[in-house]
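K.L.:
Have a look at the structure that comes next, please.
Protein chains in written order, with my numbering: chain A, 4 to 55; chain B, 30 to 339.
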């Protein structure tokens, strides 16, 4: 398939997509940290207390 | 032939988005969110039991995101009337930067995650209250009341009044009379706040076909309603001191703040209908924002000083 038949995002669309991707990445990192720390705080040392 | 039909990509539905992360954040109504965060925080601090500060922070974040989600759902549903009002025409959905479906998906996902996180990190009573708040604002207020009755913001105000109750419940796992007094203060504050705005944005609401009180019942009736609610706000403001869960210094401060609220409402009541600038209404709108912040700040200081002294 020739390249010229594909949809080419404009410069503005590419820039906006990059901006959104960074936003999603940051939100995911914050979410993971929240769940990790929240779980540790809620369960306390019991989180490590399981059968080997 | 391209991989995707060009007409779908260039059309409204499938067009490549130019929305930035900031546009999506604007869907959360950050200014409303700041008030939600503050009042929920005060409710949390006033609750009798304690919570680990980090869990408290996570709970506040979940409440804020939940409130933001309801804002996004509101902007999705109201895009058709937002475009007709000067105050809201530049919002991301009516301005075309975000497609309605994107706003809907964003709101639903955030609502689900915020309720889930609050339930897992705090308790399911608080999570249930948050879910109810989102439902009440997005469905009961936005989809039903807003377009059908001039009492829209009176009943819909319940959604905005719940954050301190959620904050209280997140810490203590209960809903008590004290937390309901915090609810009552915001609930009674909402009508004069929004009707003051409606008095100087009458044309906007008229164009959009939203039945706000001044458009439906007229300016004179609205001014009286504002005054009556202002008196009720002033009374509810001193209730924490009367009921004994805030000190006398708070009581005096709340009485002064409430008296000023009544005075500003009196100025609106005396405002001529021919007054094009509507300065008293603008002054009341600005003061009402200050009042809510000040009354909750006073409650916060009162409880902090009481604990330091104990």
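For glycine and all other residues, C-beta sits at the position ideal for the given N, C-alpha and C.
Starting from the Cα of residue 302 of chain B, find the closest Cα among B/183, B/291, B/293 and B/251 and give me that residue.
P.N.:
Among B/183, B/291, B/293 and B/251, the Cα nearest to that of residue 302 of chain B belongs to B/251.
K.L.:
In or out: residue 272 of chain B buried (at least 16 other Cβ within 10 Å) or exposed?
P.N.:
Exposed, by the Cβ-count rule.
K.L.:
Tell me which same chain residues have a C-beta within less than 7 Å of the C-beta of residue 217 of chain B, skipping the five on either side of it?
P.N.:
Counting only Cβ-Cβ distances below 7 Å, and skipping sequence neighbours, we find 258, 261, 262 and 265.
K.L.:
Straight-line CA distance for residue 256 of chain B to residue 231 of chain B?
P.N.:
The alpha-carbon atoms of residue 256 of chain B and residue 231 of chain B are separated by roughly 18 Å.
K.L.:
Just the chain B side, please: which residues come within less than 7 Å of residue 19 of chain A by C-beta, in chain order?
P.N.:
By Cβ distance, chain B contributes 46, 47, 48 and 49.
K.L.:
Please state whether the Cβ-Cβ distance between residue 327 of chain B and residue 283 of chain B is less than 8 Å.
P.N.:
Yes, the Cβ-Cβ distance between residue 327 of chain B and residue 283 of chain B is below 8 Å.
K.L.:
Quick one, which of B/201, B/176, B/131 and B/309 has its alpha-carbon nearest residue 152 of chain B's?
P.N.:
Among B/201, B/176, B/131 and B/309, the Cα nearest to that of residue 152 of chain B is on B/201.
K.L.:
Can residue 210 of chain B and residue 268 of chain B be called in contact, C-beta distance under 8 Å?
P.N.:
Contact flag set, yes.
K.L.:
Below 8 Å on C-beta distance, what does residue 81 of chain B contact in chain A?
P.N.:
Per Cβ cutoff of 8 Å: 44.
K.L.:
Taking 7 Å as the limit between beta carbons, can you name the residues of its chain near residue 16 of chain B, skipping five residues before and five after?
P.N.:
Shown here, chain B extends from 30 to 339; a query on residue 16 of chain B therefore has no answer.
K.L.:
Say whether chain A places a C-beta atom closer than 8 Å to the C-beta of residue 211 of chain B.
P.N.:
Not closer than 8 Å to any Cβ of chain A, the Cβ of residue 211 of chain B fails to qualify, so no.
K.L.:
Does the stretch 14 to 24 of chain A come close enough to the stretch 46 to 54 of chain B that 3 or more CB-CB pairs lie under 8 Å?
P.N.:
Touching, yes, given that three or more Cβ pairs across the two stretches are closer than 8 Å.
K.L.:
By the criterion of Cβ-Cβ separation under 9 Å, what are the contact partners of residue 146 of chain B in chain A?
P.N.:
What residue 146 of chain B touches in chain A: 34, 37, 38 and 41.
K.L.:
Give the DSSP-derived three-state secondary structure of residue 242 of chain B in the structure shown.
P.N.:
Note: residue 242 of chain B maps to helix in three-state DSSP.
K.L.:
Does DSSP put residue 23 of chain A in a helix, a strand or coil?
P.N.:
It is helical.
K.L.:
Is the CB of residue 53 of chain B under 8 Å away from at least one CB in chain A?
P.N.:
At least one chain A Cβ lies under 8 Å of residue 53 of chain B.
K.L.:
What are the residues of the stretch 56 to 86 of chain B that lie near chain A, defined by any Cβ-Cβ distance shorter than 7 Å?
P.N.:
Going along the stretch 56 to 86 of chain B in chain order, one finds 81, 83 and 84 with a Cβ nearer than 7 Å to chain A.
K.L.:
Residue 12 of chain A versus chain B: which residues are under 9 Å apart at the beta carbon?
P.N.:
Here the neighbours are 45.
K.L.:
How would you list, in chain order, the residues of chain B whose beta-carbon sits under 8 Å from the beta-carbon of residue 23 of chain A?
P.N.:
Those are 46, 48, 49, 50 and 53, listed as they occur along chain B.
K.L.:
Go ahead and pull the three-state DSSP assignment for residue 16 of chain A.
P.N.:
Helix at residue 16 of chain A.
K.L.:
Is it true that the stretch 87 to 97 of chain B meets the stretch 132 to 146 of chain B, where meeting means three or more beta-carbon pairs spaced less than 8 Å apart?
P.N.:
Result yes; three or more Cβ-Cβ pairs closer than 8 Å.
K.L.:
For residue 334 of chain B, which residues in the same chain have their Cβ closer than 7 Å to its Cβ, ignoring the five residues on either side in sequence?
P.N.:
Same-chain partners within the cutoff: there are none.
K.L.:
If the cut is a Cβ gap below 9 Å, which residues of chain A does residue 150 of chain B touch?
P.N.:
Near residue 150 of chain B (Cβ distances below 9 Å), the residues of chain A are 37, 38, 41, 42, 44 and 45.
K.L.:
If we count the other Cβ atoms within 10 Å of its Cβ and call it buried at 16 or more, is residue 7 of chain B buried or exposed?
P.N.:
Only positions 30 to 339 of chain B appear in this structure, which leaves residue 7 of chain B out of reach.
K.L.:
To test your reading of the DSSP string, which unbroken alpha helix (DSSP H) runs of 4 or more residues are found completely within the stretch 215 to 282 of chain B?
P.N.:
DSSP runs (the alpha helix (DSSP H)) wholly in the stretch 215 to 282 of chain B: 231 to 237, 242 to 246 and 248 to 271.
K.L.:
Does the stretch 113 to 120 of chain B come close enough to the stretch 172 to 189 of chain B to have 3 or more Cβ pairs within less than 8 Å?
P.N.:
Contact fails: fewer than three Cβ-Cβ distances are below 8 Å.
K.L.:
Looking at residue 72 of chain B and residue 197 of chain B, is the spacing between their C-beta atoms short of 8 Å?
P.N.:
The answer is yes: Cβ separation under 8 Å.
K.L.:
Closest to residue 20 of chain B by C-alpha separation, out of B/331, B/239 and B/292, would be which residue?
P.N.:
Because residue 20 of chain B is not part of the residues shown, which for chain B are 30 to 339, the question remains open.
K.L.:
Applying the 10 Å Cβ sphere with the 16-neighbour rule, what's the burial state of residue 320 of chain B?
P.N.:
Residue 320 of chain B is buried by the Cβ-count criterion.
K.L.:
What do you reckon, are the CB atoms on residue 143 of chain B and residue 98 of chain B nearer than 8 Å?
P.N.:
Yes, they are a contact pair.
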